[in-house]
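Numbering (our numbering), first residue to last: 6 to 355.
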Ligand SMILES: NC(=O)c1ccc[n+]([C@@H]2O[C@H](COP(=O)([O-])OP(=O)(O)OC[C@H]3O[C@@H](n4cnc5c(N)ncnc54)[C@H](O)[C@@H]3O)[C@@H](O)[C@H]2O)c1
């Protein structure tokens with residue numbers, strides 16, 4: 006591999022998210038698909054004409070043997086990730102895995118340790134960190150444009166039709182679908198945009214009576230972050246209205262920062278202002294531009310050793326937060342993240 010030759014990616018998994026990833030990669034000249042794997046031939050057939058030069062496989066072992074790749078992109082459901090990651094590291098390849106890394110925290114720690122032992126990079130697909138709006142919230146907080154952030158309120162209310170043909174089906178039957186498939190992104194953004202670790206979490210998860218999900222599709226958390234920043238989080242996939250409502254407001258000692266749409270619409274006001282002022286953002290196509298930027302950061306790390314923002318180690322802290330929140334909901338008690346990290350052998354990052 007030279008710096009100018011395309012970076013060759015073996016993509017494993019071609020479902021809802023995998024089709025997006027294949028499009029993102031195919032649109033780039035500096036990246037090439039060395040192969041696409043899906044255990045379901047019916048997923049591969051429709052793309053044969055679209056990707057005539059890409060070898061297609063129904064088995065990852067065969068694909069690892071038959072193709073020459075610089076990294077693997079894993080877009081399979083999370084319950085198979087540990088076995089797949091072990092095979093990928095045994096083949097000597099860096100890994101970019103979709104979130105959540107696993108549905109079991111001990112397994113996630115094992116994957117990150119396996120990468121470390123193999124001396125190979127591992128990154129996790131927290132693409133929303135790369136949305137223009139997320140970068141801007143982080144910047145406004147970092148520069149203290151409106152002073153010290155004191156508290157935040159993050160609400161994501163959606164009535165997600167998990168039976169819709171375009172969506173994956175396993176969230177309908179898994180444990181904690183909201184926390185592990187969706188809130189994981191939000192809790193990660195809270196850590197990332199505030200650039201602070203969570204110190205304590207109190208949480209309640211539950212499933213509304215009319216839910217189509219077998220397990221809890223509502224999450225409510227109170228998070229205490231470093232510097233005493235308090236965040237109130239509510240997320241639902243089972244709202245009483247089909248229109249998605251999103252708002253993330255951060256109150257600082259000299260004003261507020263407010264994001265009013267899921268992927269854009271950022272505004273701010275100083276304490277005495279009568280109206281909000283919009284904050285200009287670079288254009289950004291959600292899921293595509295942010296994922297492409299995440300991929301660039303991963304490639305730069307593999308090729309040039311630049312810092313890896315969405316590293317496996319970093320992801321363990323977000324995943325641990327999800328599991329600490331679940332523990333809090335089950336015990337009815339607040340959970341200290343320092344104690345939780347020690348219990349699972351996770352670096353606290355502070
Ligand atoms: N970051 C994001 O914005 C985002 C968005 C959607 C989904 N995701 C994540 O992407 C992952 C996949 O989600 P999805 O919606 O594509 O699910 P999906 O169920 O639509 O697709 C998964 C695909 O993996 C294939 N597969 C299963 N086991 C395999 C194996 N051992 N080898 C090869 N292929 C295998 C299945 O046949 C299926 O085609 C999940 O972890 C999900 O959380 C992330």
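Backbone N, C-alpha and C define an ideal beta-carbon position, used for all residues, glycine too. Note that the structure is predicted; figures quoted are calculated from it, not measured.
Exercise. Is the CB-CB distance between residue 321 and residue 351 below 7 Å?
Worked result: For the purposes of this step, residue 321 is identified with residue 316 of the chain shown, where counting begins at 1. For the purposes of this step, residue 351 is identified with residue 346 of the chain shown, where counting begins at 1. Against a cut-off of 7 Å, the Cβ pair of residue 351 and residue 321 comes out as a contact.
Problem set entry | Residue from 246, 346, 343 with nearest C-alpha to residue 162 | Locating residue 162 in the chain shown gives position 157, where the first residue counts as 1. For residue 162, the closest C-alpha among the options 246, 346, 343 is that of 246.
Exercise. Quick one: is the Cβ of residue 2 within less than 6 Å of any heavy atom of ligand 1?
Worked result: Lying before the first or after the last residue shown, residue 2 is absent from the chain, which here runs from 6 to 355.
Problem set entry | Between the CA atoms of residue 95 and residue 37 - distance to the nearest angstrom | On the chain shown, residue 37 is found 32 positions in, with the first residue counted as 1. On the chain shown, residue 95 is found 90 positions in, with the first residue counted as 1. Roughly 22 Å between the two C-alpha positions.
Problem set entry | Touch test, the region 110-121 against the region 262-277, Cβ-Cβ under 8 Å, three pairs minimum | These segments do not touch.
For this session: May I ask whether a heavy atom of ligand 1 can be found less than 6 Å away from the beta carbon of residue 301?
Result: Counting from 1 along the chain shown, the entry for residue 301 is found at position 296. The answer is no for residue 301.
Exercise. Since residue 102 sits in a beta bridge, which residues does DSSP pair it with?
Worked result: The residue labelled residue 102 in the question sits at position 97 within the chain shown. Residue 102 pairs with 79, 129.
Exercise. If you draw a straight line from the alpha carbon of residue 123 to that of residue 97, how long is it in whole angstroms?
Worked result: By 1-based counting over the chain shown, the position of residue 123 is 118. By 1-based counting over the chain shown, the position of residue 97 is 92. Each residue's Cα considered, the two are about 7 Å apart.
Exercise. Does DSSP put residue 37 in a helix, a strand or coil?
Worked result: On the chain shown, residue 37 is found 32 positions in, with the first residue counted as 1. Residue state, collapsed to three classes: strand.
For this session: Assign residue 296 to one of two classes, buried (16 or more other C-beta atoms within 10 Å of its C-beta) or exposed (fewer than that).
Result: Within the chain shown, residue 296 is the residue found at index 291, counting from 1. Per the 10 Å Cβ criterion, buried.
For this session: Count the other CB atoms, across all protein chains shown, that sit within 10 Å of the CB of residue 319; report buried if there are 16 or more and exposed otherwise.
Result: Numbered from 1 along the chain shown, position 314 holds the residue referred to as residue 319. That one is buried.
Exercise. Is it the case that the CB of residue 50 approaches a heavy atom of ligand 1 more closely than 6 Å?
Worked result: Indexing the chain shown from 1 puts residue 50 at position 45. Every heavy atom of ligand 1 is 6 Å or more from the Cβ of residue 50, so no.
Problem set entry | Contact belief for residue 57 with residue 71 at Cβ below 8 Å, rounded distance in angstroms | For the purposes of this step, residue 57 is taken as the residue at position 52 of the chain shown. For the purposes of this step, residue 71 is taken as the residue at position 66 of the chain shown. Rounded, the Cβ-Cβ distance is 17 Å, inconsistent with contact.
Exercise. Just to check, is the beta-carbon of residue 81 closer than 6 Å to a non-hydrogen atom of ligand 1?
Worked result: By 1-based counting over the chain shown, the position of residue 81 is 76. Residue side-chain check: residue 81 places its Cβ nearer than 6 Å to a non-hydrogen atom of ligand 1.
Exercise. Under three-state DSSP, which class holds residue 111?
Worked result: Here residue 111 corresponds to residue number 106 of the chain shown, with the count starting at 1. Residue 111 carries a helical assignment under DSSP once its states are collapsed to helix, strand and coil.
Exercise. Rounded C-beta distance between residue 133 and residue 190? I'm assuming under 8 Å.
Worked result: Position 128 of the chain shown, counted from the start, is the residue given in the question as residue 133. Position 185 of the chain shown, counted from the start, is the residue given in the question as residue 190. At roughly 5 Å, the Cβ-Cβ gap stays under 8 Å, so residue 133 and residue 190 are in contact.
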